[in-house]
Structures are given as C-alpha cells and as structure tokens.
Amino acid sequence: MAQNATIFKADLTISDMDRHYYATHALTLARHPSETDERMMVRLLAFVLNASDTLAFGKGISSDDEPDLWQKDLTGAVEKWIEVGQPDEKRLRKACGVAREVIVYPYSGNSAGIWWEQNRRAVEKLDKVSVVNVPGEIAEALAKMAQRTMQLQSTVQDGEVWLGDDSGSLQVVLETLKAPK
Numbered sequence: 034m035a036q037n038a039t040i041f042k043a044d045l046t047i048s049d050m051d052r053h054y055y056a057t058h059a060l061t062l063a064r065h066p067s068e069t070d071e072r073m074m075v076r077l078l079a080f081v082l083n084a085s086d087t088l089a090f091g092k093g094i095s096s097d098d099e100p101d102l103w104q105k106d107l108t109g110a111v112e113k114w115i116e117v118g119q120p121d122e123k124r125l126r127k128a129c130g131v132a133r134e135v136i137v138y139p140y141s142g143n144s145a146g147i148w149w150e151q152n153r154r155a156v157e158k159l160d161k162v163s164v165v166n167v168p169g170e171i172a173e174a175l176a177k178m179a180q181r182t183m184q185l186q187s188t189v190q191d192g193e194v195w196l197g198d199d200s201g202s203l204q205v206v207l208e209t210l211k212a213p214k
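Counting in my numbering, the sequence shown runs from 34 upward without gaps.
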C-alpha cells in the first residue's frame, strides 16, 4: 500500500530587499514519503529566494513532468523552472526547452560537489541554467526548523538570507556555481 504525503503548513513572511519584494505567504508543503526534511526545507528556501505571487510548488520528486517549483505567466508559459537536488543533464535540457530560466539548488554537501564536478561541463553549455549551492551544514540546520506547522520570517539582503522562527534564526550564505549567460 502506497504511503501518502505528509502535509506541512508554513506562514512565511518575506522581506526581500534585493528584489524589493515584501509579502506573506500561507504555504502548504506536501512532503513525499521518500523526501527528507532537509530537502523539503531547501524547497522552502528556494521559494524564499524566488518568491512571487505566481511561484508555485510543482509535483517535483513524484513527477518527471514538473519541477519542484515553477512560475508561469498568464498564458501558462513557464518563466522559471526550479530544481532542488541533483538533476541529470537530460532533465535540465528538457527544462531549458520549456522555461525561460532554470535554477538548480544542490544541497547535500559532498555529494552535491561530486554532482557538480561530474555535470559541470554539460551544465555550463546550458545558457538558461543557474546553479546555486546550498552548503550541507545549512541544509541540515534548515531541516531542524521543520515542523508540521511553521511561522517563519525571512530577510534577503545582499544575496544573504536570514530565516527564523520562534526558536531562533539561521544565516544562509549560498554559493553561485553557475550564473545564466
């Protein structure tokens, strides 16, 4: 018998001074049975970094046809395709054919580094793709913030993110491995 997704709720306040975006989002995150808290919270971090009124969670891990997050325009065209983890080159090429911008957030410390070294050449040829590494210790700290009901505040300034709840805050410094051409 297949397991159901675990539902998490997050009230997320975003103050993104880099993009001049200020909003509160009531989010529902469905954590697939095979997904870890670490991966789910990196998806939430990706939401913070790309937040807009039209950004939405896709089926992600449970679908080959949808990313972890995506943003569509009013015609249904995909503006942003966002992957969390270590997608293969074929998936990224497909995303480039569908979306105007593709962002990848690898996060598993050493395995993310190995993935990048193995795929760097191929990914660098894809003009629309950005790769932004989430250090392993940051992903682990994010996982510790995961609760079924979350009240989170985030501030983005000068490329850094502060994410906090009632128990404390976390400074997130990311490493851009590849920017779009």
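Idealized CB from N, CA, C, for every residue including glycine. All of these numbers come straight from a predicted model, not from anything done at the bench.
- DSSP places N37 in the coil class of the three-state scheme, outside both helix and strand.
- When rounded, the separation of the alpha-carbon atoms in L77 and F41 is 11 Å.
- Residues E71, V75 and Y140 of the same chain have their beta carbon placed closer than 6 Å to that of A172, with the five preceding and five following residues left out of the count.
- Each residue's CA atom was taken as its position, placing P100 and W114 some 6 Å apart.
- Under the three-state reduction of DSSP output, L102 falls in the strand class.
- Look at the beta carbons and you see the stretch 44-52 touching the stretch 183-196: at least three pairs across the two are nearer than 8 Å.
- Of T69, S67 and D106, the smallest CA-CA separation from D86 is found for D106.
- As DSSP reads the structure, H58 sits in a beta bridge with L45.
- Measuring C-alpha to C-alpha distances from E170 to each of V206, R133 and G130 identifies V206 as the nearest.
- T69 and A110 have their C-alpha atoms spaced approximately 30 Å apart.
- In the displayed model, R64 falls within a strand according to three-state DSSP.
- When DSSP assignments are scanned along the stretch 140-199, the uninterrupted stretches of beta strand (DSSP E) that are 3 or more residues long and fall wholly within it turn out to be 162-166, 182-190 and 193-198.
- Taken atom to atom, the span from the alpha-carbon of A145 to that of N166 is near 8 Å.
- Secondary structure note for L78: its alpha helix (DSSP H) is the uninterrupted segment D70 to N83.
- DSSP lists no beta-bridge partner residue for T87.
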